[in-house]
Each structure stands twice: as structure tokens, then as C-alpha cells.
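A.B. asks:
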Amino acid sequence: VDALVNWARKSSLWPLPFGTACCAIEFMSVVSSHYDLSRFGAEVVRFSPRQADLLIVAGTITDKMAPVLKKIYDQMPEPKWVLSMGACASSGGFYRAYHVVQSIKEIIPVDVFVAGCPPTPENLIHGIMMIQKIVEKDSVKNARG
Numbered sequence: 027v028d029a030l031v032n033w034a035r036k037s038s039l040w041p042l043p044f045g046t047a048c049c050a051i052e053f054m055s056v057v058s059s060h061y062d063l064s065r066f067g068a069e070v071v072r073f074s075p076r077q078a079d080l081l082i083v084a085g086t087i088t089d090k091m092a093p094v095l096k097k098i099y100d101q102m103p104e105p106k107w108v109l110s111m112g113a114c115a116s117s118g119g120f121y122r123a124y125h126v127v128q129s130i131k132e133i134i135p136v137d138v139f140v141a142g143c144p145p146t147p148e149n150l151i152h153g154i155m156m157i158q159k160i161v162e163k164d165s166v167k168n169a170r171g
């Protein structure tokens, strides 16, 4: 049963973009016709956390945005996955300031980190394919809770 459920899940990811900076613009190019993210089953972008299973965090997260990000993550139904897109979300980027979170993994669990400033569309697509591999190996019984 796991194989069938995981095949369906990996082929129908519903991403929720949480974009705060330049990487969000790069995400827009990935969902355009040139790169056609729908080939990978992530065509339906959701803007409600209750309808999404993949959170794509793109951009700088400040201390004021951290509780908002945590609240959005908590509102997502299980199973859920997180992709950290770009240097700012993954490591604070070049902002070494008191108000910038140095990695979103301090706030929420992260499944895949995508490098770049901003990452190329190909890197983001590769990150989504890595999420699909994680989904494929997950057990329905062992969903994160």
C-alpha cells in the first residue's frame, strides 16, 4: 500500500511558496511554461497552508517573520515537506545582522536545501525531484507528527 500511496503523493505535490525576496521571483520562472513544473507533478500552487503539502521557503527570514513561518508550517496537514530555497533561507545569506534568522532549520524542520543566490530554475526543479525521492521512500505509518 505504501508504494501506491507514495507514488500518488510524489506525483501530485501541492507547493506553497513562502517568498520574501529575490528567490521568490526565481520561483515564478519555474512555474512558467519555459520550465513547466507540471511535468514533475507540482503544477498546482496553493496559497493556503491547509491545502499544501510542500512548503517552499524562498528568501530572507527575519526575526519578525519567523513566527509567521512557524504558524504557516503548523497549519499544513501531515504529511508535509519543506524545501529551503536559496542562500538566505538556508544560511542567512550575506545578511549577518541581528534581525536575520541564519537558517530556517532553527524554526522548522527542513527536508531539502537548494543552493544559490538565487538558485537557478534547474536547481529548484532538482530540489523538488529530491523531495519526490523522499516522499517515495516515506512510510504512510511513519508520517512526521
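Just so you know, the sequence shown maps onto residues 27 to 171 in my numbering.
Note that beta-carbon positions come from the ideal geometry of N, C-alpha and C, so glycine has one too.
Roughly how many whole angstroms lie between the Cα atoms of PRO43 and GLU162?
C.D. replies: Using only the alpha carbons, I get a separation of about 22 Å.
A.B. asks: Tell me the DSSP secondary structure of PHE120 in three-state form.
C.D. replies: Correct three-state label for PHE120: coil.
A.B. asks: Measure the beta-carbon distance from LEU150 to GLU69 and round it to whole angstroms, keeping in mind my assumption that it falls under 8 Å.
C.D. replies: Not a contact, Cβ separation roughly 14 Å.
A.B. asks: Would a C-beta distance cut-off of 7 Å place SER37 and GLY85 closer than the cut-off?
C.D. replies: Result no, Cβ atoms of SER37 and GLY85 do not sit closer than 7 Å.
A.B. asks: Determine contact between the stretch 54-65 and the stretch 93-110, defined as no fewer than three beta-carbon pairs at a distance below 8 Å.
C.D. replies: At 8 Å Cβ cutoff, the stretches do not touch.
A.B. asks: In terms of alpha-carbon separation, which member of PRO144, MET156, PRO103 lies closest to GLY118?
C.D. replies: Among PRO144, MET156, PRO103, the Cα nearest to that of GLY118 belongs to PRO144.
A.B. asks: Express the C-alpha separation of PRO75 and GLU104 in angstroms, rounding to a whole number.
C.D. replies: Using only the alpha carbons, I get a separation of about 11 Å.
A.B. asks: Assign GLY45 to one of three DSSP states: helix, strand, or coil.
C.D. replies: Three-state result, GLY45: strand.
A.B. asks: For LEU81, which residues in the same chain have their Cβ closer than 8 Å to its Cβ, ignoring the five residues on either side in sequence?
C.D. replies: The answer, listed in chain order, is PRO41, LEU42, PHE44, PRO75, ILE98, TYR99, MET102, LYS106, TRP107, VAL108, LEU109, ILE134.
A.B. asks: Let me know if LEU39 comes out buried or exposed under the rule of 16 or more other beta-carbons within 10 Å of its beta-carbon.
C.D. replies: Its Cβ being crowded by 16 or more others within 10 Å, LEU39 is buried.
A.B. asks: Determine whether the beta carbon atoms of ILE154 and ASP137 lie at a separation below 7 Å.
C.D. replies: Contact flag unset, no.
A.B. asks: Taking only runs of the beta strand (DSSP E) that begin and end inside the stretch 74-134, which ones reach a length of at least 3 residues, in chain order?
C.D. replies: If we require 3 residues or more, the beta strand (DSSP E) runs fully inside the stretch 74-134 come out as 80-84, 107-111.
A.B. asks: Assuming ILE130 and ALA115 are in contact, meaning their beta carbons sit under 8 Å apart, how far apart are those beta carbons, in whole angstroms?
C.D. replies: Indeed they touch by this definition, with Cβ atoms about 5 Å apart.
A.B. asks: Going by DSSP, what residues sit across from PHE139 in a beta bridge?
C.D. replies: Paired residue(s): SER110.
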